[in-house]
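J.:
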Amino acid sequence: MDDLLMFLGIMSALSASAETMTTQMRRRFNLFKLEHKKEIEELEEALHTKKLGKMHANIHLLCGLNGALLAALGNIHPLSMLRLEPLWSNLQPWLASSIDFAVAGVLVAYGGPWFHEVLGILREYKKSLRGATT
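Here the numbering used here = 1-based position in the sequence shown + 33.
(1) Which same chain residues, not among the five before or five after residue 165, have their C-beta less than 6 Å away from its C-beta?
(2) For residue 97, tell me which candidate among 40, 116, 132 has the shortest Cα-Cα distance.
(3) Residue 150: which of 40, 79, 45, 107 sits nearest, CA to CA?
(4) By how many angstroms is the C-alpha of residue 38 removed from the C-alpha of residue 115?
(5) In this structure, how does DSSP classify residue 124 when only helix, strand and coil are distinguished?
(6) In three-state DSSP terms, what is residue 162?
(7) Where residue 51 and residue 104 are concerned, what is the direct C-alpha to C-alpha distance, given to the nearest angstrom?
(8) Does the Cβ of residue 161 have 16 or more other Cβ atoms within 10 Å, making it buried, or fewer, making it exposed?
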């Protein structure tokens with residue numbers, strides 16, 4: 034159980050950090066914002082949907098890259114925290130680590146809201162434990 038709680042806590046922190054980095058990058062790069070809202074409103078609905086979808090895909094990709102970068106800097110191997118041995122663990126160490134960091138990026142990019150919910154639940158649980166002891 035402790036391994037699971039450690040995994041959830043670290044992944045929640047990694048997710049929050051990657052989301053913050055992504056938000057800051059979205060503010061600075063035009064690729065991730067809708068600057069020409071009048072032009073987009075005039076587009077046909079299919080083109081509008083395609084442009085929005087492309088922007089959201091770019092944002093998910095950026096969040097995944099940020100998560101992988103943060104995992105590499107922090108030397109975080111998410112599957113090892115759960116005591117799982119991935120198939121690629123027998124490869125060269127640099128390649129296995131790179132794949133682990135990419136997995137962390139995917140978990141952060143697509144599991145971000147779930148990790149935030151779990152982090153909120155853990156915080157409330159800790160508050161209730163503190164309240165019960167006093």
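Quick reminder that beta carbons are idealized off the backbone N, C-alpha and C, glycines included. In this text the structure is predicted, and so the values were computed from the model without any measurement.
T.: According to the structure data:
(1) To locate residue 165, count along the sequence shown from 1; it is residue 132. Excluding positions up to five away in sequence, the list is empty.
(2) Along the sequence shown, read from residue 1 onward, the residue named residue 97 stands at position 64. Out of 40, 116, 132, 132 has the C-alpha closest to the C-alpha of residue 97.
(3) As a position in the sequence shown, residue 150 is number 117, starting the count at 1. Of the listed residues, the one whose Cα sits closest to residue 150 is 45.
(4) For this step, residue 115 is matched to residue 82 along the sequence shown. For this step, residue 38 is matched to residue 5 along the sequence shown. Each residue's alpha carbon lies about 10 Å from the other.
(5) As a first step, residue 124 is located in the sequence shown; it is residue number 91 there, counting from the start. Residue state for residue 124 is assigned as coil, using DSSP reduced to three classes.
(6) Position 129 of the sequence shown, counting from 1, holds the residue named residue 162. Correct three-state label for residue 162: helix.
(7) The residue given as residue 51 occupies position 18 in the sequence shown. The residue given as residue 104 occupies position 71 in the sequence shown. So the two alpha carbons sit approximately 10 Å from each other.
(8) Numbered from its first residue, the sequence shown carries residue 161 at position 128. Classification for residue 161: exposed.
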